[in-house]
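Here the structure comes first, spelled out in structure tokens, and everything after it is commentary.
Protein chains: 2
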Amino acid sequence: MDDCVFCQIIQRKMPASIVYEDSKVMAFLSHRPVNEGHTLVVPKKHYVDIYEAPEEEVAYLFTIVKKLTHAVRDAIGTSAIRIVQNNSKNAGQVVFHLHVHIIPMKEGNHIWRENDFRSTELLEKDAREIRQKIK
Amino acid sequence: MDDCVFCQIIQRKMPASIVYEDSKVMAFLSHRPVNEGHTLVVPKKHYVDIYEAPEEEVAYLFTIVKKLTHAVRDAIGTSAIRIVQNNSKNAGQVVFHLHVHIIPMKEGNHIWRENDFRSTELLEKDAREIRQKIK
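From first to last, the protein sequence lines are chains V and H.
Counting along the first sequence from 1, when you hit position 70 you're at 70 in our numbering, and nothing is skipped either side.
Counting along the second sequence from 1, when you hit position 66 you're at 66 in our numbering, and nothing is skipped either side.
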């Protein structure tokens, strides 16, 4: 999918702070994180949403989400983590390539506020810290 | 877990509008739904959160979540569905038995507002409609 920003990240045509990669799945940091450590986990194959992806790909995607949720917790230092997967515009989907958000939360946080961009330097630092915690 | 409301539902000690059940997983409607069709999917075994549940249980849980997301879409008539799994109080977890929300969304919806209770009659109607769409 030439015009899909996540496909471009997967193909290394666009930069991202990559946290995890295997033959089927990639994870990288959101550049407009709700909080530090806000990670996006995507299948490498282009599926628009959960409806399009086969069952076994969804199962595998969420085993990686679990693995990375532990790593984000250990890197960011909070077990308060919201896992979110939006389908369709009215559910808040913005990029139409299936993705799962791993979002560390703080007390009183509102998840769907507009976020500030985070600098590439800070994203790279976050990614490094999370990568070190992957077991 | 004697004091866990979801364990009580699983053991049929408390009523709920059940959408799906197999040997490992149960799904029932939230009695304070964000919108009609708001479904909760839980492992029958008591795990507090995603950290406690083994990888293979998480994978299986989300294959059922996918299956039920299709059914909720077909029953409610919207593909705008948000899948949410909260860990710890600061991430909005209220019942400390691992659960996944399947939440049909409408334009302009805010997910974390206080919801009204939905009558048992309407919940039973919703559950019946979703059950009929499970493939």
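Glycine residues also receive a C-beta, built at the ideal position from the N, C-alpha and C atoms.
The structure displayed is predicted, hence computed values, not measured ones.
Tell me which residues share the same chain as Ile81 (chain H) and place their Cβ nearer than 8 Å to its Cβ, disregarding the 5 neighbours each side in the sequence. Thr69, Val72, Arg73, Ile102, Ile103, Pro104, Met105
Under the three-state DSSP convention, the category Ile50 (chain V) falls into: coil
Same chain, Cβ closer than 7 Å to Leu61 (chain H), five either side skipped, listed in chain order: Val25, Val41, Pro43, Val100
Could you tell me the alpha carbon to alpha carbon distance between Leu29 (chain V) and Glu121 (chain H), rounded to whole angstroms? 44 Å
Chain-ordered residues of the segment 63-85 of chain H with a beta carbon less than 9 Å from chain V: Thr63, Val65, Lys66, Lys67, Thr69, His70, Arg73, Thr78, Ser79, Ala80, Ile81, Arg82, Ile83, Val84, Gln85
Can you tell me where the alpha helix (DSSP H) holding Gln8 (chain H) begins and where it ends? 5-10
Go ahead and pull the three-state DSSP assignment for Arg32 (chain V). coil
Cutoff 8 Å: Asn87 (chain V) Cβ touching any chain A Cβ: The structure shown contains no chain A; the protein chains it does contain are V and H.
Return helix, strand or coil for Leu68 (chain H), following the three-state DSSP convention. helix
Cβ-Cβ separation, Glu36 (chain V) to Asp126 (chain V) (assumed contact under 8 Å), whole Å: 6 Å
Does DSSP put Gln85 (chain H) in a helix, a strand or coil? strand
Which of helix, strand or coil does DSSP assign to Val42 (chain V)? strand
Just the Cα atoms here: how many angstroms apart are Arg32 (chain H) and Arg12 (chain V)? 44 Å
Would Ser79 (chain V) be called buried (16 or more neighbouring beta carbons within 10 Å of its own) or exposed? buried
What residue range does the beta strand (DSSP E) around Glu124 (chain V) cover? Run containing Glu124 (chain V): none in the beta strand (DSSP E); it sits in the alpha helix (DSSP H), 120-133.
Is Lys106 (chain H) close to chain V, meaning its C-beta is less than 8 Å from at least one C-beta of that chain? yes
Please check if any C-beta of chain H sits within less than 8 Å of the C-beta of Asn90 (chain V). yes
Closest Cα partner of Ser119 (chain H) within the set H:Val5, H:Asp2, H:Ser17: H:Ser17
How many Å lie between Ile63 (chain H) and Ile130 (chain H) at the Cα? The amino acid at residue 63 (chain H) is misidentified as Ile; the sequence shows Thr. Whole-angstrom Cα-Cα distance: 17 Å.
In angstroms with no decimal places, state the Cα-to-Cα distance between Val58 (chain V) and Pro54 (chain H). 16 Å
For a test of the three-state rule: what should DSSP assign to Glu107 (chain V), helix, strand or coil? coil
Measuring only the C-alpha atoms, how far is Lys89 (chain H) from Ile76 (chain H)? 30 Å
Can you tell me whether Val34 (chain V) is buried or exposed, with buried defined as 16 or more other CB within 10 angstroms of its CB? buried
Extent of the continuous beta strand (DSSP E) to which Val19 (chain H) belongs: 18-21
Can you find the residues in the same chain that come closer than 7 Å, C-beta to C-beta, to Val5 (chain V), ignoring five residues on each side of it along the sequence? Met14, Val95
Report the residue from H:Ile83, H:Asp22, H:Ala27 whose alpha carbon sits nearest the alpha carbon of Arg128 (chain H). H:Ala27
Does Gln132 (chain V) pass the burial test, meaning 16 or more other C-beta atoms within 10 Å, or should it be called exposed? exposed
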